[in-house]
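Going down the list, the sequences are from chains A and B.
Basically the working numbering = 1-based index in the first sequence + 1241.
Basically the working numbering = 1-based index in the second sequence + 10.
We treat Cβ as the ideally placed atom computed from N, Cα and C, and that holds for glycine.
This report refers to the structure that appears directly beneath it.
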Amino acid sequence: MLSRTADHLYWMSRYIERAENLARLVDAHYRMSLLPHAPAILARSLRSTLAALQLEAAFGERHDKAEPRAVFEFLTLDSKHAGSILNCLRAARENARAVRGTLTSELWETLNSTWLEARVIGLHGAGEADIGRFVEWVKERSHLTRGVTIGTMLRDEAFHFSRIGTFLERADGGARILAAHREDLEPGAEAGGTTDPFEWSVLLRALSAFEVYRRRYREGITPLKVAELLILCADMPRSLLRCCRELHQNLRAVANEQSAETERRAGEIQATLHFTRMEDLIERGVTRFLEQFLAKMRDIGERIASDFLLPPTEA
Amino acid sequence: MSDSPYDEMHGRDDGTRECYRPYVDWLSRQSAGRLEQKRAEADAMFHRVGITFAVYGQEEGSERLIPFDVVPRVLPNAEWRRLERGLAQRVRALNAFIHDIYHDQRILAAGVIPAEQVLCNAQYRPEMQGLDVPGGIYAHVAGIDIVRDSQGEFRVLEDNLRVPSGVSYMLENRKMMMRLFPELFAANRVAPVDHYPEVLLDELRGVAPAGVVDPTVVLLTAGAHNSAYFEHAFLAQQMGIELVEGQDLFVRDEVVFMRTTRGPRRVDVIYRRIDDDFLDPLVFRPDSMLGVPGLLTAYRAARVTIANAIGTGVADDKSIYPYVPAMIRFFLAEEPIIENVPTWILRQPEDRDYALAHLKDLVIKEVHGAGGYGMLIGPAATRAEIEEFRLRIRANPERYIAQPTLALSTCPTFVAAGLAPRHIDLRPFVLSGRGVTIVPGGLTRVALREGSLVVNSSQGGGTKDTWVLET
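Next up, the structure:
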């Protein structure tokens, strides 16, 4: 497969997944904004979310205060913010268009009509009440895209590069969501009583993990248990371990002469997670772990680019 | 010319033409509402599938649909058979001509075509001199624009031998018609067209460099922002070949490779959809970001085939067009089966005098113009426009040719007011490799504005499905 084609497929999937991650984040905060509790908690959470996404500066250029409404607008339909959901959907479609011949027509049409529809929504703007509906729709389109990918694509390199993009982005996004709530994950936080239980149940719901949590843990919702579920639970489709496992498998499927080290590192990350207990994470510090994890994902991303996507100009 | 145009559907006195009878019979049972609904359905579908073209000079959202008309253009079998023979003959002669001017130049020596007309032409590529290409084929894909005059005669309006486009619309229009009106295909024996990509791939593989057993063919595009990108992606997908951009290819030791996720892979045949000027920045335009440095070295070493070949533009130039019938006689010793449109060559004094005296009746074309730009349509022009062209012709007569304003044939077309006649042309695609193959029909373009003769999609033209009846 052409390196450029692999690059487009990888980014196509990353952008769709990023749109979904953003939709989930906005969804969580939007739900929180409907709860009758201190606006200060919501404001704090929004600020730390922007920080975890490394979007503080970009947001600051466009808005003075992290008002919920402004943050929602910034993350969803702001056409001037390159990282908004709207622009992620556009980027996914542009990448798909560049390789439309490699995609099944169903997949191309799904991405194309997602963008066409998003553009119309973007032109009209979403009212306050429509934020929830919009992010719901984004999740549905992402589910649909993934379903069409799995249901129609040949299991060849194109499929694997697309999946690599999905899982790398999902791992990255998942770690950032947790990092946004790092205060609650430090030793003594629960005892200290700064934790807002609603915040964590809303977060679980936004990550489609609420029912799973209930089934798995009979006790109440605590930040460290949520973290355990979202980091170490191999059966949980959005957990970091699960993402790393899928990432490693797909990397193995596309291995080339120079990719052995990348594959080894991806394997090491997933093996380490596999044998880690929550107690170990707490001992090392969850925040520190998340920082290291994000650095490792960045490293894997760079290695994928140089191994497969941007080979040296003179081969 | 005051002749009334030929109507493709209705004869002058005796009503509906034979080839349209089953269609007209079906049409009489349809409500206008149903046609409108089908048209809207087609639009929605084309949008969703992304069958769009980019419009130059417009920013964001500059992808547009080419309007699709739901009324087909129908050609009777006998008319098509004759056209087919005429097209094959013409393209054989054109290929022979290009081979000749890049080798012995017999036709120039014989004085059939003025030598400076060819050798001083900007499209003449000295780099091609003496180079042998596989099978002696230069124009692997030719789009020959055909019009029907008021007498019902087909004539060639223009040859397109560089990177002719439009074939994807031919294929998508058929798919759309079969989807919208399956019952019509039960009532009419319409010759299929969907094997085009297969035939094309076969022809391309057939012209691989000598000795290559299982050639790798790629389609070279300028990228997603090119106006014909949809077609490039579509054809590459249908042929199952890689769609590459210049940056995906590189040349090492006179061999062309593409960069893949598993390392370099050799390329044997490049079906290119970018112009000569952009192919190799080392030889042609140095500022080209679309091409492949060193490609011409590989080409000249016969390690790669480029289709269409470099330098075909010299044969489809409007200044060469008037001589194509003479080429057919010279190279094939045959009489042309399809005539040209009568053409005055304004570099010749007597033709120029005539044209200058009759500007208001003629169409004046710039010989290097394309896409319907840079022409004067006498009967529709203002006095000032005519005078401006008079000055331009006097200053540079060799840049212009003149043709009568043709009453292009019309075909009923579904417009806002209902069915109304609109002018049409036809672009069949002639494939040359080991043989010459023409998929029945081609792309029918229609000028949607009332009375307009300009069918180009960049200027408000639409398209129709083209039916060649099998019996």
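Residue i burial status per 10 Å Cβ neighbour count (16 or more: buried)
i                  : result
Val1443 of chain A : buried
Ala125 of chain B  : exposed
Asn3 of chain B    : Nothing about residue 3 of chain B can be read from this structure; chain B reaches only from 11 to 481.
Lys1321 of chain A : exposed
Glu1487 of chain A : buried
Met337 of chain B  : buried
Cys130 of chain B  : exposed
Thr481 of chain B  : exposed
Gly273 of chain B  : exposed
Leu305 of chain B  : buried
Arg22 of chain B   : exposed
Val464 of chain B  : buried
Ala1468 of chain A : buried
Glu1381 of chain A : exposed
Val293 of chain B  : buried
DSSP three-state assignment for residue i, whether helix, strand or coil
i                  : result
Leu1275 of chain A : coil
Ile387 of chain B  : strand
Phe267 of chain B  : strand
Gln413 of chain B  : strand
Thr1290 of chain A : helix
Arg376 of chain B  : Just to set this straight, residue 376 of chain B is Glu in the shown sequence, not Arg. It is a strand residue.
Asp475 of chain B  : strand
Val293 of chain B  : coil
Leu1344 of chain A : coil
Pro15 of chain B   : coil
Ser462 of chain B  : coil
Pro332 of chain B  : helix
Ile251 of chain B  : coil
Phe191 of chain B  : coil
Asp53 of chain B   : helix
Ala1556 of chain A : Caution is warranted here: a pLDDT of 42 is assigned to Ala1556 of chain A, below 50, making its placement in the model unreliable, and the coordinate value is therefore given only provisionally. Residue state, collapsed to three classes: coil.
Asp169 of chain B  : strand
Ile348 of chain B  : coil
Arg1479 of chain A : coil
Glu69 of chain B   : Here the model assigns Glu69 of chain B a pLDDT of 46, short of 50, so the residue's position is not dependable and the matter cannot be decided.
Identity of the residue in the options nearest residue i by Cα
i                  : options                                       : result
Thr1407 of chain A : A:Tyr1271, A:Trp1252 and A:Ala1247            : A:Trp1252
Ala98 of chain B   : B:Leu259, B:Lys375 and B:Glu344               : B:Glu344
Ile251 of chain B  : B:Gly121, B:His109, B:Arg262 and B:Arg282     : B:Arg282
Leu4 of chain B    : B:Asn466, B:Pro450, B:Gly451 and B:Gly471     : Chain B is shown only over 11 to 481; residue 4 of chain B falls outside these bounds and no answer can be derived.
Thr134 of chain B  : B:His150, B:His113 and B:Ala312               : According to the sequence shown, residue 134 of chain B is Tyr rather than Thr. Comparing Cα-Cα distances from Tyr134 of chain B to each of B:His150, B:His113 and B:Ala312, the minimum goes to B:His113.
Trp354 of chain B  : B:Ile347, B:Tyr331, B:Phe341 and B:Ile348     : B:Tyr331
Asn1491 of chain A : A:Ile1282, A:Val1379, A:Glu1504 and A:Pro1277 : A:Glu1504
Ile347 of chain B  : B:Thr26, B:Glu408, B:Ile76 and B:Arg91        : B:Arg91
Ser468 of chain B  : B:Leu306, B:Asp110 and B:Ser237               : B:Ser237
Leu1465 of chain A : A:Glu1424, A:Cys1484 and A:Leu1344            : A:Glu1424
Asn1353 of chain A : A:Leu1522, A:Phe1516, A:Gly1508 and A:Arg1331 : A:Arg1331
Pro414 of chain B  : B:Arg357, B:Val223, B:Cys421 and B:Val351     : B:Val351
Ser442 of chain B  : B:Pro219, B:Ala52 and B:Val151                : B:Val151
Cys1329 of chain A : A:Gly1301, A:Leu1514, A:Asn1262 and A:Leu1276 : A:Asn1262
Asp10 of chain B   : B:Gln47, B:Leu342, B:Ala412 and B:Tyr333      : Nothing can be reported for residue 10 of chain B, as the shown portion of chain B is limited to 11 through 481.
Those residues which DSSP pairs with residue i across a bridge
i                  : result
Phe63 of chain B   : B:Arg74
Tyr281 of chain B  : B:Leu229 and B:Ala317
Pro151 of chain B  : Per the sequence shown, the amino acid found at residue 151 of chain B is Val instead of Pro. Val151 of chain B is bridged to B:Leu441.
Cys421 of chain B  : B:Arg432
Pro274 of chain B  : B:Arg269
Asp79 of chain B   : B:Lys474
Asn1328 of chain A : In the DSSP output, where bridge partners are listed per residue, Asn1328 of chain A has none listed.
Leu85 of chain B   : B:Val478
Asp371 of chain B  : Answer by DSSP bridge pairing: none, since Asp371 of chain B is not bridged.
Val157 of chain B  : B:Arg165
Val456 of chain B  : B:Ile434 and B:Gly472
Would you list, in chain order, the members of the stretch 1249-1283 of chain A that have their beta-carbon closer than 9 Å to a beta-carbon of chain B?
none
To be precise: take each residue of the stretch 1498-1509 of chain A, compare its Cβ to all Cβ atoms of chain B, and keep it if any distance is under 7 Å. Which residues remain?
Under the 7 Å Cβ criterion, the stretch 1498-1509 of chain A contributes Glu1498.
Give the residues from the stretch 243-260 of chain B that approach chain A closer than 8 Å (Cβ to any Cβ), ordered along the chain.
Ala243, Phe244, Ala246, Gln247, Glu252, Leu253, Val254, Glu255, Gln257, Asp258 and Phe260
Of the residues that make up the stretch 264-295 of chain B, which ones have a beta carbon closer than 8 Å to any beta carbon in chain A?
Phe267, Met268, Arg269, Thr270, Thr271, Arg272, Gly273 and Pro274
Near-chain B residues of the stretch 1327-1357 of chain A (beta-carbon distance less than 8 Å), N- to C-terminal order
Those residues of the stretch 1327-1357 of chain A that come within reach of chain B (Cβ to Cβ, closer than 8 Å) are Glu1335, Arg1338, Ala1339, Val1340, Arg1341, Gly1342, Thr1343, Ser1346, Trp1349, Glu1350, Asn1353, Ser1354 and Leu1357.
Quick one, which residues of the stretch 46-63 of chain B are near chain A if we go by CB-CB under 9 Å, in chain order?
Within the stretch 46-63 of chain B, the qualifying residues are His57, Arg58, Val59 and Gly60.
Taking beta-carbon pairs under 9 Å, can you tell me which members of the stretch 231-243 of chain B lie near chain D?
Here the protein chains are A and B, and chain D is not one of them.
Contact residues within the stretch 1468-1497 of chain A, judged by C-beta distance below 8 Å to chain B
Val1495 and Asn1497
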